[in-house]
Every structure is written in structure tokens, then in C-alpha cells.
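Colleague: FYI, the numbering for the sequence shown is -22 to -1, 1 to 903, going by mature numbering (1 follows the signal peptide of the UniProt record, and there is no 0). What follows is a single structure, and I will ask about it in a moment.
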Amino acid sequence: MAIPRRLSGAHAILLTAHLCATGNISSLPQVQTQFPGWLPLERVLRIILTFLPESTNPQTYTPVLQELLDGHSSQSDGGDIDISPVDHLSEAAAKKSVRRLRLLPLRYHDDEDSQDSTDLLTQFLIHRAYRIDLETALQPLILDLLLPFYQRLTIVRTWLISSLLPLLRLNYEYYPSQDETFSLEILESMDSHTALNILLSMTGAEKNNMDLVKNLRGLVGPWMYGRNRSKRRRLNQAAEANTISPPQDSTQQQNNNISGWQYVNEWLLARSHVDYESTVNAFLSWNGPNDVDLGGYEEKSQRLDGDVLDDLNIRYGQSGLAVVYTTSDTSKPCLEGSVKILTRVAQLLNLEEYLFFTTDSSALPSVMFDASQISSSSRVSLLQNALLVASNPLTCPSASSVSFLSAILISISILTELGHSITCRAAANICLHSTQDIQLLELRNVISSIVRQTKSSHVWKDVRQQILWLQHWGSGKADGKENSSICHGLFWRVSNDVVEAEILKALLEIREYNLAIEIYVNSNSALSLTQVEEAVKEAIFTTYDNASNGNRTRGGMKRAYDILQAFQPYFPESVSLKEIRALISATHALSFYSLTLQHGVPFQPVSIRVHPDPLSLIEKVLDQNAKAYTKVDDLLAIGRNLVAAGFLPRLTDNDDLNFVSTSEEDFVITAERRIMSLAISSALSSNDFGTAYSYILTRLAPPSLLSTSSPLTNPTVRDDISWRAVYNAGRYRDPAMPPSANLQSQITQLSQRMELLSLALTLVPSPDPLPEILGAWRRCDEEMNGLRAREAEEEELWDTKGDNLSTVPGGFGPTESEQDAYETKKQHARRARAHRDRLNAEEAPMGLFEVARGAALALHKNAFPLSGATAAAEQPTSSSHVHRPSEDPTSAEDRVRKRDVVSKMVTGGLVSGIGWVLGAQPVNR
């Protein structure tokens, strides 16, 4: 039914607004047909936009919109239109009411897509969608609004896919249980990076691993479909103005594609640090920028073109390689995930032939590739912000980068199996940027980790092959005689013989002696026998230095001794191994003594090797172990072994060698003299003068005084030790012997001391100490004269008591004539002794030579005879024969007393040895 003609255009406008406000818009085409001048399409759409409730189901008015667009009314002959709401208004009132209407513009004020479009329906639909979302938040109504029109409206299609579709999936399909929902206004106000970060971050750590893949396909993919919308470009340029200049290339669309998807790659790289498992799953299940779910709304012609897609796939593959390099997790599942990512990237980019992964875990591949680009990389290439740079040779997918990374992952897998886990970045640094010394240090760390494992389940033949493969990645010969190519191997800078030597040391450390001998001694190995010997020597010293006890049947010393026992038969002429055997013997002998070094540090075997003078340890043994000086043979054996081990003796703290000869025998003699001197000093410190005296006579006296030659006496070696020990013993005074002690004991010890002082005169190598020695000897001689005088008085007193027979019961005393004769005889004897003393006083020596000769004369008269001495060739002088009446003159002449030998030694030695120094000639010459 037609509208009455009495209604004006103003009434028609008010009627249209009333119909929209009441939701009865089916009559709008009819009204618009009758009043086309007053109700053009734009004004009708604005009235609908302004007055039609947003909660109205779009299915009720989308057909009306279609009729309005087509320009005809399907209900022109329909029912009556109720005009009562506007019929009562006059023309003037109707116009006044129309002027009061505030119609919304078709263009949404904040949407540049609708503003750029001249299509009225496009503008209306986008603005209506925002109104529905703002007033009702019923976003499915928006989809119902757009579905009838999106296919013919390109801008609406793009807006539906890139804005509405992600929002619907986010709020209603993927995460419907979240407390807050996103609105169109919020989503459309974001630049690409912010929106992508929010859409991807919806994947929480507690979510299923497929969430990230779902978000990449269903959220990120649709969002990136609208990356070239004008509003997106404006927001992106505003966000990047301070950091990245807007692209200036001619192909703006391609640059936008790369920029957006590159941020997705960066997000995946960052995500791998906190959730590596979901990142791995994303690379395995998502095929990159072309793998998107647009809900079936897109046109095939709007897909990415081939060149852009290839570039995006390469960058996506680069992000996969970057994820592998940047992971810090060294667990086996993480390593398996890295292998899966690399395999997946190779499959996507058709680079599978450059992978070296094999199903046979026991087979080690031969890795061959062009390493020229890889070797040119720097340490910066492995930094976080450089991994996704397109020019990075390590992460940009290529034949060399895929081959190199697969070799690195195989190396990491082998190291993990051997018990030494490292990251991919660390392995690449070792191979590419480490010097030879650093690679050797890393190799030693690897071998140490293998050795330290408590479970010795490794088959060391296989372990050796794996370590050799790590060195050259199978690019060199298996026997290790040919160096690997550049960057072909984790330890390619380390020579093969050094690697073999380190493996040999490891075999020795884990006590695989038979295997080590089989590989490196009995077969044609990469090591020469000299290198094997050096490795064995170093292994022994390492174990020796780490030992805490010197006993060779325990701990580290036992291991060192076992290595020596196993290998010395194969090196019978090795000087080093002989020295090591002597060192171990000396250390073992020292372990039986209590020994503490400075600051309370207990003795350890390494103390010998680091000590500047190991023989001084024997002095500490003597100081800290009571009666240790009685085991002088054991101490001498320790000294000989130390010399045999290469530790030269020192005589003083300032001189390393105080003798001319440097033969091993001379070194041994010097060490023995020093040890004997220490033992004598220790005996004297323990007030054991008898042991010290015995040691001197049996071990330090020259051959002319001994029945057999002592091994400590060698005229070719300067002796600046023995005479000091003898001299100190000659000056010794027993503090335990009081002056009231037995006179005969005092005379005996004093005679021994005088004998030692006389021996010191013959042993002293220079004339400087002679006055001191002779002075000590003369003081002893004076003390001896006093003791002899006391002895004579006691004998005389005893004889007097014995001759006084009147005191004896039943005895008869001498007659007066016998008594007078006896007293006269004693007076004559006293006068004779006084005369001899006066002659001696008159002939007292004045010079040093005379002092020595006088000392010899005194020794000739007073020295105590020594038992067991052999006679000299010539007969003693008559002055040496002083017999008691009970002595047999014949036997006395046949027996040569040691005192005569000492006298001859002193007189003859001084004349021949130091007379030339004094410039004096003996009296008898």
C-alpha cells in the first residue's frame, strides 16, 4: 500500500527513523521508493545505523539492506504502513523534528579502511560492526551482518578475516573461559607487534602444546592477512618510528609481509627459552607463513606470491636454526627436539640431503661440506640479536649451515652419551672461534668427565673412536695420521697425536693398562714409543701428585706404581721410568715415618717434587721421629733413591753443588755424607754419643784408619760435610754425666772426643777451621791431663792403702829400711814426672804448625788406645812404648795401638796437607 500523499519528505524521514527504532524495517524499501529524493541510500543507511538497535538480529535486516542496494522493493504491494506516529505532525513540525535528528556518519571515525572506501555499504557495515561490539559485545552478530556481503566487498572481506575472525576465535572458540574478552576497538588499536604478541601469548605454559600451533594458524595467520590495511600501516609506522625507519622499497606489501612474519620468528625464538617443548612442537606441526586458517573466507588470488613465500619460508627456517643454537637446555629430550627442528627445516626447504643423521646409532658419519662461509663467521653471529639476521651464515638455511649444525648436534649427542653435556652454542664456539689451547682444554674436560663417571660402563675402544671422530668428524683418516680440514671437527685444531696422548692418559687413569698397551705399544698407533713414554710419565706424575699417602700399596701411589710396573718392561732403557721407580721407592720408605711440614701440613708425595731440597725432608724425619737415627741404612737408601730420581743434593742453602765432579756416584756420596751428618747430629741431640761415635768410626773415617774402605770416603769429591759432623761430635759433652761420675767413664768419653777432633783435622778441606779444631782439642787435652792426674792420685792412694799391711788382719808391716826405700822410690818417680812436664812446657809450640805438632805429641802420649785397629806398616817410636810392669814387652811391640796411628796421621797429615799453607818446615827437615 502506498503512503498517503499528504505526507511530506520530512514526514518520510521521521517515519523511517520510527520504523528503525521499533525494529520494523521491512517497509523501508517501500518508503525509500516513494521518497527517493528525501531518502537516498546514504541517508537511509545512516538512519538505520543511528536508530536500529544493535541487538537486532542482522538476519532480519540484511535482506532489507540488499533490497535497498538493488534499488527496488519486494514489498511494494504488501501490507499497510502505520503512519500514525508522524501523521499528526504538521509540515513545519516535521521539518523541525528532522532538523533535530543527529544521524551517525557512515564512516567510522577511527577506521581508516572505511574512510578510504567510497562504497557506502562498506562504510555502513564496518561502522555497524563497531556499534554492535560496543553496545552489546555480541561479536557473532557482526559475523551474521557481514556474511551476506563480504564476497563482493574486498575491504569487508579483509576486515572480516584480519580483525573479526581472530577476535571470534579468541573469545568464543579457543579461550572461551577467560574472564575478560577482547573488543574490536582494543584489537584494532594495536600495531602488528603488539597484537601478535598478545595473540601468541595466549599460549600459557600450562596449556597443551598444540595451542601454539593453533594460535599460529587461527589467530596469527588471519591477523597477518590484513597486514597491508592502511590503519595497520599507520600504527606500525608510529610504533617503529623511534627504532626502525619505515620501509622505502617499491614493493611495500612485501616489506610488510616480511616485517610481520619476522616478528613471529623473533617471538618463537624468545619463546623457546621458557617453553622449548611447545616451540619444538610448533616447528614440527606448523609449515610456516603459508600454513594459515582463514576460515574459508579468503580468495585464492590473495595468497602470497611465490617469491615472497620463498623468502618467508627461508626466514622461518632460519628461526628454527636459531632456536637450536640459542637453547641452553642440555637434556636428552631437548637434544632430540633440536634434531627434529633441524630435520623439519631441511624438509621444508628441500635440504634433507645435507643432513648426516643416521638410524644406526653405532655408525659415525663422515661429515663433508663447504666450510668457507661457516669459517668466516664471528662470535657476534651467535649472539641473540644476530641469529635472525639474514646474512648470518650459521642460521641462514643453506647446504653448509645445515651440514654444520647437524654435525654439531651429532657431536653434542656423543658428548651427552659420554657424560659431558654442552650447549649447541658452546659447541659451535669451540669449533669456530677457539684457539688450539682452548680446544685442547675442552678436550681434556671431556675426557675428565668420562673418567670421573662412577659407572664404568663405557667400552673404551668405542670411546676412543668417538673422541677421534669428534676431532675430525670423519673427514680425516681413521688412524689419525691426517689432519682434518678447517672447521671439520669439534677439536680440529688439536693434532691427532695430542688427542691420542690424552686418550692414553685416560686409559691409564681408569687402569685399562692392557688396552693401552694393545693400542699404543703393540700396534701401529698414531703415537711413537717416545710419545707413549712421555704420556705414561705424565700420567704417573699426575697420579703421584694427587696421592695423599706415600705408601705404594694404597691409593694414588698404588696406581702410579701399577702404571710403572705395567709399562717399564716395554721401555727397559728409559731413564725417566728408572727415575720414577727410584722416586716411588723413596716416597714409599718415607711413608713409614711420621712427617709434618710447615704450618702443620702433613707430608704428601707431591711435597718431594715441589721441594727445592728433598734431602732436607730426612732432617725433618730425624727431628720428628725418635730413634730414627738408628735406621741409618734405611735413610741412606732413601737418599740414594732421591739422587737416582734426579734430585741433586745440596750442601748449603746457598750452593746447589759444592763439588767439582758431577757423576751420579759423586752425587750419591755427597747425599750419603749429608744423611750421615744429619743422623750423627740427631744422635747427639738424643744424647746418644755412643751411636754417633760408632757411625763416625765405621762410616766417616778415612780408609787409613779403617780395616775396609768406607763408601762415604771418596777423595775425588770435596767433603765439606763430614768434618763438621765429626767436629760437632768431638765438642759434645754429655749433660747426663755429672762431674762426680765415674772417672774412668769420663776419661773414656774424653779420649773418644779427642780422637774425633783428631779425625776432624784430617777431614777438614781447608785450613781455616784448623785453629778452632786445635783449640778444642787442646782444651780436651788439658781436661784429660787433669783427669789423668786425678787417676794417678787415686791409684797412688789405693796403692798406699794396699801397701799398708798393718791394717790387714794378721798382716805384718814393712821394716823401717823397707819403708825408707819405698818412699825414696816414690820421690824419684815424682821428680821424673816433674822433669818431663818442665821439658814439655819449655818445648811448647808457638806457631800453628808447632801447635799441630804439639797436639800430635800430646795425642801420642795420652790418647786412649782404640780396640780393633789394624797396625801400620812401620814400627812405633820408642816414645810410644810405655809399659806397666805387668805388660809383656814383646806383645806390646807387636801390637800397634790406634793412638799411634792417630798420632802419625795428625803429624804426617798436617805436615803434608797444610804445611805448605803455613810456609813452615818440620823440625826433622
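All C-beta atoms in this analysis are idealised placements derived from N, C-alpha and C, irrespective of residue type, glycine included.
How long is the line joining the alpha carbons of Ile518 and Leu366, rounded to whole angstroms?
Modeller: To locate residue 518, count along the sequence shown from 1; it is residue 540. To locate residue 366, count along the sequence shown from 1; it is residue 388. Distance between the alpha carbons of Ile518 and Leu366: 50 Å.
Colleague: Considering only DSSP beta bridges, list what Pro580 is partnered with.
Modeller: One-based indexing of the sequence shown puts residue 580 at position 602. Pro580 is bridged to Thr574.
Colleague: By DSSP, does Gly624 sit in helix, in strand, or in coil?
Modeller: Along the sequence shown, one-based indexing puts residue 624 at 646. DSSP places Gly624 in coil when its eight states are reduced to three.
Colleague: Taking the alpha-carbon positions, what's the Tyr671 to Pro743 distance?
Modeller: Position 693 of the sequence shown holds residue 671. Position 765 of the sequence shown holds residue 743. Their Cα atoms are separated by approximately 21 Å.
Colleague: Mapping the DSSP letters down to three states, classify residue 957 as helix, strand or coil.
Modeller: Nothing about residue 957 can be reported from this structure: the residues present for the chain run from -22 to 903 only.
Colleague: Does the distance from the C-beta atom of Val22 to that of Leu46 stay below 9 Å?
Modeller: By 1-based counting over the sequence shown, the position of residue 22 is 44. By 1-based counting over the sequence shown, the position of residue 46 is 68. In contact: Val22 and Leu46 (Cβ atoms closer than 9 Å).
Colleague: Whole angstroms are fine: how far does the CA of Ser68 sit from the CA of His(-12)?
Modeller: Here the question's residue -12 lines up with position 11 in the sequence shown. Here the question's residue 68 lines up with position 90 in the sequence shown. Each residue's alpha carbon lies about 9 Å from the other.
Colleague: Suppose the cutoff is 6 Å on Cβ atoms and the five residues either side in sequence are ignored; what does the same chain contact list for Val621 look like?
Modeller: The sequence position of residue 621 within the sequence shown is 643, counting from 1. So the list reads Phe645, Val646 and Ala649, once near-sequence residues are dropped.
Colleague: For Ser664, I'd like the list of residues in its chain whose CB is within less than 8 Å of its CB, leaving aside the five on either flank, ordered along the chain.
Modeller: Locating residue 664 in the sequence shown gives position 686, where the first residue counts as 1. A distance below 8 Å between beta-carbons, with the five flanking residues on each side excluded, links Ser664 to the following residues of its chain, in chain order: Ala604, Lys605 and Tyr607.
Colleague: Which residue marks the beginning of the alpha helix (DSSP H) containing Gly298, and which one marks its end?
Modeller: Counting from 1 along the sequence shown, the entry for residue 298 is found at position 320. Looking at the DSSP string, the run of the alpha helix (DSSP H) that includes Gly298 is Gly284 to Thr304.
Colleague: Going straight from the alpha carbon of Ile425 to that of Phe667, what length do you get?
Modeller: Translated into the one-based positions of the sequence shown, residue 425 becomes position 447. Translated into the one-based positions of the sequence shown, residue 667 becomes position 689. Whole-angstrom Cα-Cα distance: 58 Å.
Colleague: I'd like to confirm something about Trp438: is its beta-carbon nearer than 8 Å to some heavy atom of the ligand NAD, or not?
Modeller: Of the ligands one can find in the structure shown there are none, so the ligand NAD has no counterpart to examine.
Colleague: Going along the chain, which unbroken runs of the alpha helix (DSSP H) with 4 or more residues stay wholly within the segment 522 to 578?
Modeller: Fully contained in the segment 522 to 578 are the following alpha helix (DSSP H) runs of length 4 or more, in chain order: 533 to 545 and 553 to 568.
Colleague: Going by CA-CA distance only, name the one from Asp591, Tyr673, Ala564 and Leu575 that's closest to Asn619.
Modeller: Taking the sequence shown and counting its residues from 1, the one referred to as residue 619 is at position 641. For the set Asp591, Tyr673, Ala564 and Leu575, the Cα lying nearest the Cα of Asn619 is the one of Ala564.
Colleague: Starting from Cys402 and walking both ways along the alpha helix (DSSP H), at which residues does that stretch end?
Modeller: Residue mapping note: residue 402 aligns to position 424 of the sequence shown, counting from 1. Cys402 -> alpha helix (DSSP H) spans Cys402 to His411.
Colleague: Considering only residues of the same chain and omitting the five flanking positions on each side of Ala484, which have a CB-CB separation below 6 Å?
Modeller: Sequence index remark: in the sequence shown, residue 484 carries index 506 (1-based). Within the same chain, Ala484 has close Cβ partners Ile425 and Val429.
Colleague: For Leu396, which residues from the same chain have a beta carbon less than 6 Å from its beta carbon, with the 5 sequence-adjacent residues on both sides left out?
Modeller: As a position in the sequence shown, residue 396 is number 418, starting the count at 1. If we look at Leu396 and ignore the five residues flanking it on each side, its Cβ neighbours are Ile428.
Colleague: My output table needs one value for Lys605: the three-state DSSP class, helix, strand or coil.
Modeller: Taking the sequence shown and counting its residues from 1, the one referred to as residue 605 is at position 627. In this structure, DSSP gives Lys605 a state outside helix and strand, which the three-state scheme calls coil.
Colleague: If you drop the 5 nearest sequence neighbours on each side, which residues of the same chain put their C-beta closer than 8 Å to that of His589?
Modeller: Here residue 589 refers to the residue found at position 611 of the sequence shown. Answer for His589: Leu595, listed in chain order.
Colleague: Taking buried to mean at least 16 other C-beta atoms within 10 Å of its own C-beta, is Tyr150 buried or exposed?
Modeller: Start at 1 with the first residue of the sequence shown, and residue 150 comes out as number 172. With fewer than 16 other Cβ atoms within 10 Å, it is exposed.
Colleague: Let me confirm a value: Leu(-16) is counted as buried when at least 16 other C-beta atoms fall within 10 Å, else exposed. Which label applies?
Modeller: As a working note, residue -16 is residue 7 in the sequence shown. Buried, because 16 or more other Cβ atoms sit within 10 Å of the Cβ of Leu(-16).
Colleague: Using the Cα positions of His577 and Ser350, report the straight-line distance between them to the nearest angstrom.
Modeller: For the purposes of this step, residue 577 is identified with residue 599 of the sequence shown, where counting begins at 1. For the purposes of this step, residue 350 is identified with residue 372 of the sequence shown, where counting begins at 1. If I take the Cα positions, the gap works out to 59 Å.
Colleague: Do the segment 502 to 510 and the segment 475 to 483 touch if we need at least three Cβ pairs shorter than 8 Å?
Modeller: yes
Colleague: By DSSP, does His66 sit in helix, in strand, or in coil?
Modeller: Sequence index remark: in the sequence shown, residue 66 carries index 88 (1-based). In the structure shown, His66 sits in coil (DSSP, three-state: anything other than H, G, I, E or B).
Colleague: If we require 4 or more residues per run, which alpha helix (DSSP H) segments fall completely within the segment 150 to 202?
Modeller: Whole alpha helix (DSSP H) segments, 4+ residues: 162 to 166, 170 to 179 and 188 to 193.
Colleague: Have a look at Gln53 and Phe13 and give me their C-alpha separation to the nearest angstrom.
Modeller: In the sequence shown, the residue the question calls residue 53 occupies position 75. In the sequence shown, the residue the question calls residue 13 occupies position 35. Only weak support exists for where Gln53 lies, its pLDDT of 49 falling under 50; the value from the coordinates is given anyway. Rounded to the nearest whole angstrom, the CA to CA distance from Gln53 to Phe13 is 15 Å.
Colleague: Can you round the beta-carbon distance between Leu123 and Thr40 to whole angstroms, since I take them to be within the 8 Å contact cut?
Modeller: Within the sequence shown, the letter at position 145 stands for residue 123. Within the sequence shown, the letter at position 62 stands for residue 40. With a Cβ gap of about 7 Å, Leu123 and Thr40 count as contacting.
Colleague: Can you give the beta carbon distance from Ile653 to Gly617, rounded, assuming they're within the 8 Å contact cut?
Modeller: Translated into the one-based positions of the sequence shown, residue 653 becomes position 675. Translated into the one-based positions of the sequence shown, residue 617 becomes position 639. 5 Å between Cβ atoms; contact.
Colleague: Given Trp16, which residues of its chain have a CB within under 7 Å of its CB, disregarding the five upstream and five downstream residues?
Modeller: As a working note, residue 16 is residue 38 in the sequence shown. Excluding residues within five positions, the ones whose Cβ falls inside 7 Å are Gly(-14), Ala(-11) and Ile(-10).
Colleague: Along the alpha helix (DSSP H) that carries Asp111, what are the first and last residues, could you check?
Modeller: If you number the sequence shown from 1, residue 111 lands on position 133. Per DSSP, Asp111 belongs to the alpha helix (DSSP H) from Leu98 to Glu113.
Colleague: Give every residue of the same chain whose Cβ lies closer than 6 Å to the Cβ of Trp451, excluding the five residues on either side of it in the sequence, and list them in chain order.
Modeller: Reading the sequence shown from its first residue, position 473 is the one you call residue 451. Once the five neighbours on either side are set aside, the close Cβ partners of Trp451 are Val345, Ala385, His466 and Gly467.
Colleague: Is Pro854 buried or exposed, if buried means 16 or more other CB atoms sit within 10 Å of its CB?
Modeller: Reading the sequence shown from its first residue, position 876 is the one you call residue 854. Because the pLDDT at Pro854 is just 37, under 50, the model does not fix this residue reliably, and the value given afterwards should be weighed accordingly. So Pro854 ends up on the buried side.
Colleague: Rounded to the nearest angstrom, what separates Lys598 and Ser356 at their Cα positions?
Modeller: Position 620 of the sequence shown, counted from the start, is the residue given in the question as residue 598. Position 378 of the sequence shown, counted from the start, is the residue given in the question as residue 356. Cα to Cα, the separation comes out at about 58 Å.
Colleague: Leu178 to Leu299, Cα distance in whole Å?
Modeller: The residue given as residue 178 occupies position 200 in the sequence shown. The residue given as residue 299 occupies position 321 in the sequence shown. Going by the C-alpha atoms only, they are around 20 Å apart.
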